[in-house]
Each structure stands twice: as structure tokens, then as C-alpha cells.
Amino acid sequence: MSSTINIKRLPHSEGIPLPKYQTDGSAGIDLPAAIEGSASIYPGARLLIPTGFAFSIPRTYEGQVRPRSGLALKYGVTVLNSPGTIDSDYRGEVSVLLINQGSETFFLERGDRIAQMVFTKVEQVKFQEVEALDESGRGLRGYGSTGVSKISEGSMS
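Structure representation (C-alpha cells):
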């Protein structure tokens with residue numbers, strides 16, 4: 057069973073196809089660049105790209121804006137605040153903050169697919185202040201505490 061999400065086309069996206077799933081197994085929809093003509097992002101630079109669309113996301117969902125793997129691999133271009141969260145109560149245009157981490161200028165044209173958005177279920181939680189937290193096997197060990205080499209035997213189910 058799938059949910060329905062209302063989408064609003066903004067005037068500057070006329071002529072650009074609606075975002076859609078590219079295959080039956082796609083997790084995300086591709087988001088387009090609703091720019092006039094073309095744009096460029098120099099190495100190390102970032103640029104906020106409008107998509108020309110706004111969404112009415114159901115209260116129990118969020119939209120996650122994520123990089124497109126091909127842009128990251130081929131050009132070093134990714135979504136800077138990845139994943140970017142589109143909250144269910146936001147009704148404005150979805151824009152994508154791209155950064156060029158590659159060594160060459162990246163050029164994009166109107167309608168290019170620049171990112172993807174995955175819709176996921178979310179739940180708001182309640183907080184309860186306590187004096188101490190329950191114990192865990194990891195405890196207070198943080199960054200890098202689980203190591204980087206070989207998966208230890210018995211760690212996979």
C-alpha cells in the first residue's frame with residue numbers, strides 16, 4: 057500500500073517533468089534543477105538549487121534529500137547537508153544545497169536530476185529526564201570505539 061503526497065508545481069518549473077521513481081525498485085524520486093539556463097559550481101563551492109516543487113508530506117513522514125551516487129562518483133558533487141530533512145509541516149519550495157568536492161567545475165542545466173528524495177516514516181518521541189541511563193555493552197565509548205577492521209565472529213545474525 058502506498059501513501060499519496062500532494063506536489064505543487066511552482067511557476068519556474070514549467071516544462072520540467074514531475075519528480076518520479078525511475079524504476080519499480082527505486083527508494084527515492086529524482087529532484088530536478090529548476091534553474092534558468094545553466095549554472096556552474098566551482099571546486100570547493102556550494103550552490104542552493106531550486107527544484108520548482110513543493111510537497112505536502114503527511115504528518116508521520118519526512119522527506120530526506122540525498123545525493124545521487126552518479127554525481128558523487130563522476131564529479132565529486134554531493135548534497136552538503138545530507139540527508140537534508142524536509143519536515144511534514146513545511147510547504148515551501150524544496151531546494152538542494154550542492155557542493156562540488158571534485159577538482160573540476162561542475163556544470164548543470166535546467167531539468168538535470170541533481171538529488172533524490174526518499175520519504176520515510178517518522179515518530180516523535182517523548183523525553184523523560186533521568187539521573188542515570190541504563191547500561192549497555194558499549195557504554196561511553198564514542199568515535200572509533202568499534203574499530204575499522206574485520207567483522208568479529210558472531211557479530212552478525
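Just so we're aligned, residue 57 is where the sequence shown starts under our numbering, counting upward by one. We put the CB at the ideal spot given by N, CA and C, even for glycine. These figures come from a predicted structure and were not determined experimentally.
1) Pull up the distance between the alpha-carbon of G93 and that of F163, whole angstroms please.
2) Short of 6 Å in beta carbon distance, which residues of its chain neighbour F175, apart from the five on each side in sequence? Order them along the chain.
3) Taking the Cβ atom as the reference point for each residue, do G100 and N156 lie within a distance shorter than 8 Å?
4) Where in the stretch 86-165 do unbroken runs of the beta strand (DSSP E), each at least 3 residues long, occur, reported from the N-terminal end onward?
5) Assuming V121 and A188 are in contact, meaning their beta carbons sit under 8 Å apart, how far apart are those beta carbons, in whole angstroms?
6) To the nearest whole angstrom, what separates the beta carbons of R194 and S201, a pair I think is in contact under 8 Å?
7) Measuring only the C-alpha atoms, how far is G148 from A110?
Let's see:
1) 11 Å
2) Y117, G119
3) yes
4) 94-97, 102-112, 117-122, 133-135, 140-142, 149-156, 162-165
5) Contact doesn't hold; Cβ gap of about 38 Å is too wide.
6) 7 Å
7) 5 Å
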